[in-house]
Every structure is written in structure tokens, then in C-alpha cells.
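Written below as C-alpha cells is the structure these notes are about.
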Amino acid sequence: MTAVEDRPAQAPEREVGKARRRKEDARLITGATTWTDNMVLPGMLHLAVVRSPVAHAKITAIDVSAAQEAPGVVTVLTGRDVADEQGSLPCAWPVTPDMVNPGHPSIAVDEVNHVGEAVAVIVARSKAAAQDAVELVDVDYDVLTPVLDMEEAVAEGAALTHDHLESNRSFHFVFDGGEAGTGTDTDQAFADAEVVVSRRFVQQRLIPAFMEPRSVVVQPQGDNYTMWSATQVPHILRVMLAMVTGVPEHKLRVVAPDVGGGFGGKLQVTPEEVISLLVARRLGKPVKWTESRSESLMTAHHGRDQVQYIDIAADREGNVKGLRCRILADMGAYLRLVSPGVPVLGAFMFNGIYKFPAYRFECDGVFTNKVPTDAYRGAGRPEATFAIERIMDELAAELGMDALELRRKNWIKAEEFPFTTVAGMTYDSGDYETATQQALDLIGYDELRAEQQRRRESGNPVQLGIGFSTFTEMCGLAPSRVLGSLSYGAGGWEHASIRMLPTGKVEVVTGSTPHGQGHETAWSQLVADRLGVPFEDVEVLHGDTSVAPRGMDTYGSRSLVVGGAAVVNAAEKVVAKARRIAAHLLEASEEDLQFTDGKFSVRGTPGAELAIQEIALATFAAHNLPDGMEPSIDADATFDPENFSFPHGTHICAMEVDTDTGAVRIRKYACVDDVGTIVNPLIVEGQIHGGLAQGIAQALFEEAVYDADGNLTTGTFVDYLVPSAADLPSFDTGNTVHEAPGNPIGAKGVGEAGCIASTPAVVNAALDAVRHLGVRDIRMPLTPERVWRALHDGGDGGDRATAGTNAYGGASTESTSGVSTPASSLGGDR
Amino acid sequence: MTQINVRVDGVTYTDDVEPRTLLVHYLREQLGKVGTVVGCDTSNCGSCTVHLDGVAVKSCTVLAVQSDGGEVTTIEGLTPQGGDLHPMQRAFHEMHGLQCGFCTPGMIMASVDLLNENPDPSEHEIREGIEGNLCRCTGYQNIVRAVQQAAGEMRTQGNGSARPTHAAPAEVDTAAAPHVVGQA
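Going down the list, the sequences are from chains A and B.
Under our numbering, residues 12 to 841 are what the first sequence spells out, in order.
Under our numbering, residues 23 to 206 are what the second sequence spells out, in order.
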């Protein structure tokens, strides 16, 4: 057979570690893509959603008659029309037993709770007709006071987001190291401490802003339904849709075709997906909904949005003694798929890479009349990493220590891995010192420090600062038993199957559903090595529940660590089956066979060998198989990690701050990341670059802003500043490699690292530039105005610069406080 | 309805369009040229960039009727059927200048136009030159590298937008691999 004869005579070079160009690119660079919005089906109807223009109101009447009569309109449906069948959108993560979930209809019925909430849906023969008719729906609103500020929302007597609830608190989650047995008594640690530094940090609300707007197409075929959706999670979506709508799971196929980015923003079961399925079921016709960008920014979920009160305790030598974190996390108006889980996941990372003896974390999930928050690249870990890396700099400043020296004194040493932290996580492997030293070399640290000194001495209006982020994160989400202990509604395993075709080609089916991460390429590399087949002979199938029936999809840097590991497990099963057949055909014992470069050979018997492709063909023919052997060497496998993986690294930013104008500019950015085994260096570097851009964007550019009435004022790309090429520098990146012991690849995950690590490095750099001028904090994003105000008016330059509210008991969190600490010497010495 | 005659990717079309129809919707919905995509509604993202009479335009800012009598090239026309990739397409592939790929057709069309204007741009000029096209995945660094590579190749071949001949894609270019500063 050709496929067998054509295989290379030379032993193939090992694929893992090779900078393979991506298989995916061919269709993407020529426009031969299958975005959901490209789908056109015969008789397809188009949906447009009528959305609330107010943040909080009772709906007193809806008049759809004019819209109903408009040209091209087929029907108009309100929430009341579908109230019996729409179910509540799912929240799969009840983080506490008493968590309050107000429920979330896909179309509002009696009240609206954020601007942009769906109140009706137009079904028309063209998209333009549907959009035109939106204007004709007349809704009477009895406007209520919107709840917009989470600190005010938890105060006594606050207006309520949902008037049938008792308060705006959804949950109160506590992790106490003393109670958990992972640490000592936190309050005692603070009582005994020589120095305490307290800060209030704001993690502003961000918008994932994937480039492909969301789109859904549903095709009914009798009582079967196929949904194409721009989703990260077709498998989870299918299960949840079945539960929400009552469409039996086996009658529902979900396809994620080419998906244009996600960043957590497409890790969701959206109102529009539910609406599309309801309408298609009701009308028996195919329907399509594709959002506009404005609609996307306003109604797809947002991310981050925490107020963090952080206290750190230490002795005068800089040994940290305790950490207390009290967090308000804005859930928005409703709980979406994993909204409450985001801050709770972060609870286990606030201690960073440091050896705290004592730690307590408390978090309130708070309802406000804004669009819900949910996962956004890093989901919980960026918020935690920012807090610890910022407070370490503040402690260093308080102690008069070098920020890096303070970190060195407290971080886990290379020889101490695996290390169980005060938050109960067992960090797998790494070497913070080596990564840091390499990053210092990469950025040219000594020269930058010398330049910083020159600029200070000369009184240059453009000051230079250097900021660090020595970070770790938890990836490979997640061990199912851990998710169970955190009350998450699903497991963290992943599934794969490998089918060897008669001609020796290989189909790999993965439950991990990519949206730009290059799975087809990386998985081909894994399989080529394990089976000894050419890279080109491997085809990776994904993203369609009828093709890849089981899976947990793509988020939390889990694809390679968990999904890739499942592929490797499947490959090993294929080899094991092939070995049995090879032994039979070669009339040898399995123990005498060795498998190298895709060939089974009998030790000590030259010429007695069979390629795995020949065995695949033999199983197809099935003329001569061992007794009881099924005629295939296909295999299924799952992988459920025993532990998270913990990438780490050191990121260093050099930043220029113009003290006259408040303008900031990244002068240089260098990072050394340890993501374990690197399967494809090209993809790894690309993931780091993209993550850096998003993390830097949080520090410098992006913020979702609501006005006093609850209108999103950053509702277009004119106002919401996704950085362009001109806004970003080139990055100097490097790696150290400590394999993750918890999976057969040794990979740790890379998708979120850049995004998690970079934000505090950038802010620390800006503060390092101007700390000697009396600035102790600048609120993100570091707009020129905020920087200027921080320099000239004090505070953090933000709107609440002088408020100092504390939702947990009224003590000021703006100033340095301490049991035996002198008043800060840093304020007001300009 | 207004009748227009427009040549798209080498084929002449005569069609009736509503006067309000944007060029991008005409291309996608009437001609099936779905390689060109819509990413925003404010002409900020550049995902819909095509060439109109040889110059890059955001096809969401052009009415279809404005293209009457004109010549449009989309990403699908950059590579003739069965032909070689344009050097810019190949450079995006070789430099890993794309991840999800949604912005990529627009980014490639904008970059080709940039080199038509300035065959030898500096990194700064490239970054300024493509700032009308947003990418959320790559952080732009590899896009800049791709434009630099394509610029070098197109200069060597002494042509701008004409289709050059070129060799098969390089298998592995270790120069493009990340800078590994050490392994512990």
C-alpha cells in the first residue's frame, strides 16, 4: 500500500520541541475558514435581540405589534412568550452551600437588571429586517435605582439589585489557613508582626473582546437540533443546553467550527444560544444570530472587577509573616456559568511564590446592575498575582529594601519543590532564582538601574522605573476531585481517541476545543513521536460533539496539560494493541519486541520487523489476528490530572513616566517563563506574546466603564482601548524548563502566563519611576490623567482616591498601618 | 435597488444592491466571499480590509454602490485558485503571525498595502502602518516579523503587489524559534 511504502526511510526527527509551522494556518491565511457567521442554510431566519436601555427597571408593558407588522418579520417573542420553556441560564459553580442565585432568564420577563439585557427577540427573513424591527418594539419601563458600586452595594441600607433578595451578597467564601491546617493563626501573626502594610487595590472591569463576534446558527431536523456556535465549550454547552431547554442531549449536536478567539469570553452558555435554540424549536426553521461589536462589548460577559483589601505582615528584616485578603468581587446582575468560581479559584494563589506562615482569604460575591462577570484569561489568578506582587513592592518600600531582595528572601527555593503552600497547593517544580537571573540578563538590568539613577539626579521630567513580577499560577484545570471539593459542577478530565486508518494515516479526536491555540499542530507532534508516524499523516479532529463525543473543552491552560496528556495515553494504548498483533504476526513474544520510530522489531532477529502502518492494514484485512483480538488498533483514553501544574517566571518591565504629562511608555519588557516541556516553541512564544499584550492592556489601556445610570460608556472599540501594534513594544522572551511531574508530557500550560504576570510588572515599574516623588499607587489603567493626578493630587489618581471606604469594618486601607510601624515616610515628601 | 458592476478577484459581477448595503456585506452575502469578515461596527478593527482599486479600504466603510465600476481584491483573490501563496500570506505562516486567524485576512490585506506604499518600512513604521487593524491573539510581534520578512522578499523580487513566484515553504526556521536563554 502506498501509505506504507511512502514512509520515510530515515528515522524521523523527534517532533516535540520542533518549531513546526501550524497546520491550521493554510485555511486561515487564504480566507477558507468556517466561522459560524459564514453559515447559510436554506430558509434560514435571522434573529435580532431587543435589549434594555436601562440598568434596572420593572417591565410594565411590551408592545410588539408594530414590529410584528414590519416587512420581513416572521415573529416577535418576549420573555413571557417563552417563560415556560426557557429555564434559567446555568451557574455550574455554587461556591458555598448558601450561595444566593437569583436565576437568569435568557429573555427578561418582569424586570431588567443590566443595560443590554434581552427583553424580546425579532425573527425575520433577513438580518437587516430583524434589526430594523428592533426599533419598533415599545417597552414600558418603571425605572428603579441601579446598584453600580460594589462597595456601596454591601453597605447597610443599600439599594438592591434584585428586590426579592435580602442583600446584594451572593456568597461569602472564606479560606483560613489556620482552620485548614495549612498555616498558623492569621490574626495572631498580624498581632505579633513588626510591620504591617495595607492596601486597597482595584481590579478594573475588563472585556475579553475576542475578535470574532459571537454567532449562533441552529438547524432543526425533526426533533434533532444542530447548533453551530462561536464557543470555547461545545461539550459543556451541549450538556447545559439540554438541562436548560429540555432538548434531550442525544438529540442535540453542538459544533464549534473555526472560532475567532475566546480568552474565557466564550466559556459560557449565553442567553442568545438558548434563545436561538428556543426559536428554532418553536418555528422548526434554521435560525442565525450574530452580534455586533457594540452588542458584544455590552452583553458578552466581562472579567476581573474586584476591590481587594490586602494586608501583609512581616518582621523588620523582611521575612513575611502573614497575609490577609478581603475581596469584593462584582458578579454583575446574574451568575453565569462559572462567575462565582473565578475569585474563589484565585483564593489559592494570593500567596504567590512566597512562604507565608499564615494566610486568610475572604471574598464576597456582589450583585450589581451590570452585565455579569465570568472567566477572562487567567480567571482569578491575574487578580491574585497583581495583589501579591504589588503588596510585595509596597512592603519593600516600607522596609527600605530592594524589591527583588525582599522576594528572594521569601520565595520557595529550588531544592524545596514540591512545596505545599499556606493555601494548600502543592507547587510541582521550578527554580525562581534561575528564571529571575536570566530575566535580569535579558533586560540588561544593571544598565537600566544606572540610567534610572542618572535621570533622577538630573531631574529629568521623564523618569525611568523597573518593575518585577515573580509569579506562579495554577494551570491544567483541573483535578476532578479538587473541583469536587470546590463544588464545581463538572470534572476536569479530558478525553481523546486515536484511530489508525487502514492506509496508515491517523485520526486524533480531542475533547479539547481550540480557538487559536494550534491544537492540530501540537497534537500532531505528540502523536507523530508516540506512534512513529510522519507529522503530516496525523489529522486532528475536534469541536463537534458528533465527531468528538466527549470533552471538557478549552480554558484554564488545560489543553496540552490535560487534553494532550489524554492523547498521549491513547497513543500508548494504540502501541500496546499494535504490539500484540505484531508479536502474533512476527511469531515472537511481546517481551522480545522493541518499538522504535514506528517499527516493531524482534530483538536479535535482523529483518524481523513490522511498521505500525502495516499493522493497521493487517487489522483492516483481519485475515490473521490473535484469537479474540478486535480488528482495530484504535484506542480511547482519558486523563484526569492528580494535581494542577504551576508555570512560573520572572517578568521585568522598564517604564518611562513623563512627570509633566503623565504619559507612560514601556521602554523594555523581558520575561523568562517556565512552562515545563515545550512541545512547539513557536506556539509557546506566540501564546506568551498574546498574553503579555492583554496583561499590559489591563495595566495601561482597558477598562469597562459604566456611567451613573448604568450605561456602558466604553461600548465600542472607539472607547474600549484594545491596543494596536503601535501601542505595544516588542518583547524579549526566554524560558527555563522544569518538567511538570503531573502529566506524561511534562507541560505546565502557557495560555495565561503572559496575561497573569505582566500587569503587576508594568504597574510596579511605573511606581518605581515615581515613588521617590511620593506616589504609592496609581489606579489601572494608567492613563496619562491618572498618572498626572497621582503625581500632583496624591492618592491613586482614580475616582476614589481619597474615599478609603472599607467594606469590612471601616478601617482605612489607604494608608500604611501597623502595630509598631512608624507612619509612612513616603507620602508627601515631594 | 441599484445596479452595480464590480470586478472582484478577477471576476466581473453585475448585481442589484440596496443603496445602504456595505461593501463587506455585498462581498460576504451576495458573492460568498466569506474570507472577509466583520469584527466591529465602528471601522476600528480592520478585519474587513480589502483592496479597492489597489488600495486598502475597510469594506465596512464603503457602500457597495461606491465600488461600482471598481476592482476589488479580497484575501481569496490574493492567491489565485491553485496558485502560490502571496509572500505576505507565507510570511504570516512562517512567522506565526496569527493564532485564531479572524483578523488575519484584513491584517494581510493592510500589510500588503503598507508595502505598496513603503517597500522598506522600519519596525516603527510597520507598527504605525497597521494600527488600524486590531489583533487580540498575537501581541503583534510576530505580525511585525511577518511584514518584515515579506518586505525583504518582495523587495528582492522587485515587485509590489504583483504575484511573485517563490519556493516551497521552509520546513523549520530555527531563527524564528523563541530565544531560549537556558534550561535548568
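All C-beta atoms in this analysis are idealised placements derived from N, C-alpha and C, irrespective of residue type, glycine included.
For B:Glu51, the closest of B:Asp75, B:Gln88, B:Asp38 by C-alpha to C-alpha distance is B:Asp38. In the structure shown, the three-state DSSP call for B:His118 is coil. Here A:Gln232 is bridged, per DSSP, to A:Asn235. Between the stretch 558-567 of chain A and the stretch 226-246 of chain A there are three or more inter-stretch CB-CB distances shorter than 8 Å, so the stretches are counted as touching.
From the beta-carbon of A:Gly272, the residues of chain B found nearer than 7 Å are Cys122, Phe124, Arg158, Cys159. Within the stretch 712-736 of chain A, those residues whose Cβ lies closer than 7 Å to any Cβ of chain B are, in chain order, Thr727, Phe728, Val729, Val733, Ser735, Ala736. CA-to-CA, the gap between A:Ser735 and B:Gly161 works out to about 9 Å. Secondary structure note for A:Lys332: its beta strand (DSSP E) is the uninterrupted segment 331-343. With a threshold of 8 Å between beta carbons, A:His700 makes contact with chain B.
Distances from the alpha-carbon of A:Gln215 to those of A:Arg800, A:Phe428, A:Pro752, A:Gln709 put A:Gln709 closest. A Cβ of chain B is located within less than 8 Å of the beta carbon of A:Pro224. What B:Gln111 touches in chain A, judged by beta-carbon distance under 8 Å, is Ile40, Thr41, going in chain order.
Scanning chain B for C-beta atoms nearer than 8 Å to the C-beta of A:Arg315 yields nothing, as the closest lies near 16 Å away. For B:Asn27, the number of other beta carbons within 10 angstroms of its own is below 16, and it is reported as exposed.
Within the same chain, Pro224, Arg225 come within 6 Å of A:Glu302 by CB-CB distance, once the 5 residues on both sides are set aside.
Interface flag for B:Ile26 against chain A is unset, since no Cβ pair is found closer than 8 Å. Shown here, B:Asn66 sits in coil according to DSSP, grouped into three states, outside any helix or strand.
The Cβ atoms of A:Glu484 and A:Ala764 sit closer than 8 Å to each other. By the C-beta criterion, the stretch 388-395 of chain A is judged not to be in contact with the stretch 511-521 of chain A, since fewer than 3 inter-stretch pairs fall below 8 Å.
Taking A:Ala72 as the centre and dropping the five residues before and after it, the same chain places the C-beta of Asp151 closer than 7 Å to its C-beta, in chain order. With a cutoff of 8 Å on beta-carbon distance, A:Ala30 and A:Leu693 are scored as near each other. Residues of chain A with a Cβ closer than 9 Å to the Cβ of B:Pro41 do not exist, since the nearest Cβ in that chain sits about 12 Å away. Secondary structure of A:Ala77 (DSSP, three-state): helix.
Taking the beta carbon of B:Gln163 as reference, the chain A residues within 7 Å of it are His700, Ser741, Phe742, listed in sequence order.
Less than 8 Å divides the Cβ of A:Trp422 from the Cβ of A:Ile364.
The contact set of B:Asp63 on chain A, defined by CB atoms closer than 8 Å, consists of Ser303, Arg304, Ser305, Thr727 in chain order. In this structure, the alpha-carbon of A:Asp385 lies about 8 Å from that of A:Gly276. Around the beta-carbon of A:Ser600, fewer than 16 other beta-carbon atoms lie within 10 Å, marking it exposed. Here the alpha carbon of A:Gly745 sits roughly 6 Å from the alpha carbon of A:Cys682.
Residue state for A:Pro245 is assigned as helix, using DSSP reduced to three classes. When secondary structure is reduced to three states using DSSP, A:Cys102 falls in the coil class, being assigned neither helix nor strand. With a contact defined as Cβ atoms closer than 8 Å, A:Ala66 and A:His115 miss out at about 16 Å.
Interface residue (Cβ-Cβ distance to chain A less than 8 Å): B:Val94 is not classified as such. Secondary structure note for A:Tyr443: its alpha helix (DSSP H) is the uninterrupted segment 443-454. Counting the other Cβ atoms within 10 Å of the Cβ of A:Arg614 gives fewer than 16, which makes it exposed.
At a C-beta separation below 8 Å, B:His115 has these neighbours in chain A: Arg32, Arg33, Asp36, Ala37, Ile40.
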